[in-house]
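Number of protein chains: 2
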Amino acid sequence: MSSRTPIHSDPHLADSREEDRDPRVRILSAAGQEFAEHGYEVATVRDICAAAGVNVAAVNYYFGDKRRLYIESVKHAHEERLRQVPQPEWAVGTPATEKLHQFIDTMLERMLGAGQPPWQVRLMMREVLQPTEACRELVEDYIRPHFAMLVAILDELTAGMLSQAELRRVGMSIVGQCFVYRAAGDVVGMLVPRDEIESLHTPKPLAEHITRYALAALGVAAPLVLPLVRVTKDVIA
Amino acid sequence: MSSRTPIHSDPHLADSREEDRDPRVRILSAAGQEFAEHGYEVATVRDICAAAGVNVAAVNYYFGDKRRLYIESVKHAHEERLRQVPQPEWAVGTPATEKLHQFIDTMLERMLGAGQPPWQVRLMMREVLQPTEACRELVEDYIRPHFAMLVAILDELTAGMLSQAELRRVGMSIVGQCFVYRAAGDVVGMLVPRDEIESLHTPKPLAEHITRYALAALGVAAPLVLPLVRVTKDVIA
DNA sequence: AATCGATTGAAACGATTGTTTGAACGCCTT
DNA sequence: AAGGCGTTCAAACAATCGTTTCAATCGATT
């Protein structure tokens, strides 16, 4: 009696205008933005309903209680995000180095994006930083396949000379370098001069840096600092 | 009339037992733990006072209101943390590679530590992830000098062949690799097998990996994967 | 012993929270 | 037109929040 499935939510009419008028998705969208901005505890159902333009009782009517609304909003944001930025597919024969570069670039674009990153990313970031019930599903559906793709690229790049464990460790190093700019972006902005942020710490230049950093560490490309001493020795020898 | 400085807080008697009996520091300690665990909004003054063993009115008496208590508790945690883990000092002539290794190892030990990391780190991490008023002070007093030390080590390591901007970018890459294990530790634990976590993703092995990764990227040490092709070319030449 | 200021205590304040209620509304079928 | 059903609404619910009040208590000075 508390939460019943409304009839008009049957998805036979998927018109965009119609979806915007559906109170259920309006609440989901507003809830996601509020939860992303303030977190679960701080966000209030009253603010959510006000943003969605519905009565406070609508939350209990459609979702039962606040907790289930949160879980549904995380799922909704996740699915919407998957639809927005699909995984890039490479033609067979694409060099692994190019795949790695594009992969890192895509990850950074998703995290930092142009201007304010969309609230879906903020919501997912909250789950990563402080997991709740919705976390495991998020990892299995979104993060794990993404990470597996990175490991596969690294495996191809090193021609199978590193174990899966080592590949995962290298992958985590790459993810970490992107992650810190998203999670600790404010502090980064305080440690690095403003003009330097805009010139070197935006997605494109960062992707080049992290890619080159990884390729050099793996011995696939030249290191950031040319090893003059060793070159000299080789020349002499 | 709302919050006046208590007389007995005069620090002429710094006995440890005496400090534990000082309601002011008891509240600061309890508040730090509560704020670290639940965040500013979720943590309640009632729980803090219950943990500190004082009356709810004590918060207003000693600190005025909850907001000022929070700022004071962040400062207190920060100062206590500085006292606990002082910066290591190296003898003149210590190789830069060894400095870098020890620096990364110390940073990881602080972040991950043995077992549960102390609540002070959690509190500081909250400020990094979502800065409040107490953030700027934290960055200036704690994070910026620490980061400057890393940049100095990298500068020495590369013998001045990289610009300060490039050094900062490399430094951020190193910090990011440590940071991700602290901030997204739960997700890392879901992506990597349990035994692999214990064998490869603990402070000591991680410090070796990240150090070697950095040294290889900078061209100071051999890459993770030996570049057979180029070696062969060199030998042929 | 008496007095004064610092500290503590229990209780209550007003505000806000998530949730529930029951009547009113809109739309469709009969 | 009438009724039924899904939906919306304003209002109120109990619980909890930060904060305040004021009397009781403690300790040192007079």
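Line by line, the protein sequences give chains A and B.
Under the working numbering, the first residue of the first sequence is numbered 1, with each subsequent residue one higher.
Under the working numbering, the first residue of the second sequence is numbered 1001, with each subsequent residue one higher.
Beta carbons: idealized from backbone N, C-alpha and C, even for Gly.
The structure presented is a predicted model; accordingly, all values stated were derived computationally and were not measured.
In the DSSP assignment, the alpha helix (DSSP H) including residue i goes from what residue to what residue?
| i | result |
| --- | --- |
| leucine 218 (chain A) | 203-218 |
| tyrosine 1181 (chain B) | 1164-1183 |
| methionine 161 (chain A) | Neither: methionine 161 (chain A) is in no alpha helix (DSSP H) and is coded neither H nor E. |
| glutamate 196 (chain A) | 194-200 |
| glutamate 1037 (chain B) | 1023-1038 |
| valine 1225 (chain B) | Unbroken run through valine 1225 (chain B): none, as it is neither H nor E. |
| aspartate 1047 (chain B) | 1045-1052 |
| valine 1042 (chain B) | No alpha helix (DSSP H) holds valine 1042 (chain B); DSSP gives it neither H nor E. |
| asparagine 1060 (chain B) | 1057-1063 |
Please classify residue i: is it buried, with 16 or more other beta-carbons within 10 angstroms of its beta-carbon, or exposed?
| i | result |
| --- | --- |
| proline 6 (chain A) | Low confidence applies here, because proline 6 (chain A) scores a pLDDT of 43, under 50, leaving its location unreliable and the question unanswered by this model. |
| threonine 1094 (chain B) | exposed |
| arginine 1126 (chain B) | buried |
| glutamate 116 (chain A) | At residue 116 (chain A) the sequence reads glutamine, which differs from the glutamate that was named. Classification for glutamine 116 (chain A): exposed. |
| serine 1029 (chain B) | buried |
| glutamate 18 (chain A) | Low per-residue confidence applies at glutamate 18 (chain A): pLDDT is 47, beneath 50, and the placement is therefore not dependable, though the value from the model is reported in the following sentence. Classification of glutamate 18 (chain A): exposed, given that the 10 Å Cβ count is below 16. |
| lysine 1099 (chain B) | buried |
| serine 73 (chain A) | buried |
| serine 1199 (chain B) | exposed |
| arginine 168 (chain A) | buried |
| alanine 216 (chain A) | buried |
| alanine 1159 (chain B) | exposed |
| alanine 1148 (chain B) | exposed |
| proline 295 (chain A) | Outside the shown range of chain A (1 to 237) lies residue 295 (chain A), about which nothing can therefore be said. |
| proline 1223 (chain B) | buried |
| arginine 67 (chain A) | exposed |
| valine 56 (chain A) | exposed |
| serine 1163 (chain B) | exposed |
| glutamine 177 (chain A) | buried |
| leucine 1069 (chain B) | buried |
| glycine 171 (chain A) | buried |
| leucine 150 (chain A) | buried |
| arginine 1021 (chain B) | exposed |
| glutamine 33 (chain A) | buried |
| glycine 53 (chain A) | exposed |
| arginine 1083 (chain B) | exposed |
| serine 1016 (chain B) | Model confidence at serine 1016 (chain B) stands at a pLDDT of 43, short of 50, so the residue's coordinates are unreliable; what they give is reported in the following sentence. So serine 1016 (chain B) ends up on the exposed side. |
| arginine 24 (chain A) | buried |
| arginine 1194 (chain B) | exposed |
| aspartate 1065 (chain B) | exposed |
| alanine 1114 (chain B) | exposed |
Chain A partners of residue i, CB-CB under 7 Å?
| i | result |
| --- | --- |
| threonine 1097 (chain B) | What threonine 1097 (chain B) touches in chain A: nothing, since even the nearest Cβ is about 13 Å away. |
| tyrosine 1213 (chain B) | Ser173 and Ala217 |
| isoleucine 1071 (chain B) | Going along chain A, no residue has its Cβ under 7 Å from isoleucine 1071 (chain B), so there is no contact; the nearest lies around 17 Å. |
| valine 1042 (chain B) | Glu41 |
| phenylalanine 1147 (chain B) | Leu191 |
For a contact defined as C-beta to C-beta under 8 Å, what are the partners of residue i on chain B?
| i | result |
| --- | --- |
| isoleucine 210 (chain A) | Ser1173 |
What residues of chain B sit near residue i, judged by a beta carbon separation below 7 Å?
| i | result |
| --- | --- |
| threonine 158 (chain A) | Val1225 |
| glutamine 87 (chain A) | Near glutamine 87 (chain A) there are no residues of chain B at all, since even the closest Cβ is about 17 Å away, more than 7 Å. |
| methionine 161 (chain A) | Val1225 |
| alanine 165 (chain A) | Glu1196 and Leu1200 |
| arginine 169 (chain A) | Leu1200 and His1209 |
Under 8 Å between beta-carbons, which chain A residues line up against residue i? List them in chain order, please.
| i | result |
| --- | --- |
| arginine 1122 (chain B) | Those within 8 Å of arginine 1122 (chain B) in chain A number zero; the least Cβ separation is about 10 Å. |
| valine 1187 (chain B) | Val128, Pro131, Cys135, Val139 and Ile143 |
Please list, in chain order, the chain B residues whose beta carbon lies closer than 9 Å to that of residue i.
| i | result |
| --- | --- |
| phenylalanine 35 (chain A) | By Cβ distance, chain B contributes nothing, its closest Cβ being about 13 Å from phenylalanine 35 (chain A), past 9 Å. |
| proline 117 (chain A) | Those within 9 Å of proline 117 (chain A) in chain B number zero; the least Cβ separation is about 14 Å. |
Using a cut-off of 9 Å between C-beta atoms, extract the partners of residue i located in chain A.
| i | result |
| --- | --- |
| histidine 1179 (chain B) | Reading off the sequence, residue 1179 (chain B) comes out as phenylalanine, not histidine. The answer, in chain order, is Gly176, Phe179, Val180, Ala183 and Ala184. |
| methionine 1190 (chain B) | Pro131, Cys135, Arg136, Val139, Glu140, Ile143 and Arg144 |
Unbroken stretches of the alpha helix (DSSP H), 4 residues or longer, contained in the region 84-142 of chain A
List check, alpha helix (DSSP H) in window: 96-112, 119-129 and 135-138.
Taking three-plus beta-carbon pairs below 8 Å as touching, is the region 44-52 of chain A in contact with the region 96-108 of chain A?
Contact between the region 44-52 of chain A and the region 96-108 of chain A is absent, because fewer than three Cβ pairs lie under 8 Å.
Using 8 Å as the Cβ pair cut-off and three pairs as the minimum, do the region 1077-1089 of chain B and the region 1188-1197 of chain B touch?
No, they do not touch.
Evaluate contact between the region 24-42 of chain A and the region 120-140 of chain A, counting only Cβ atoms and requiring at least three cross-stretch pairs below 8 Å.
Two segments are said to touch when three or more pairs of C-beta atoms, one from each, lie closer than 8 Å; by this definition the region 24-42 of chain A touches the region 120-140 of chain A.
Are the region 169-183 of chain A and the region 1172-1184 of chain B touching, with three or more C-beta to C-beta distances below 8 Å?
As far as the Cβ criterion goes, the region 169-183 of chain A touches the region 1172-1184 of chain B, which means the pair count is three or higher.
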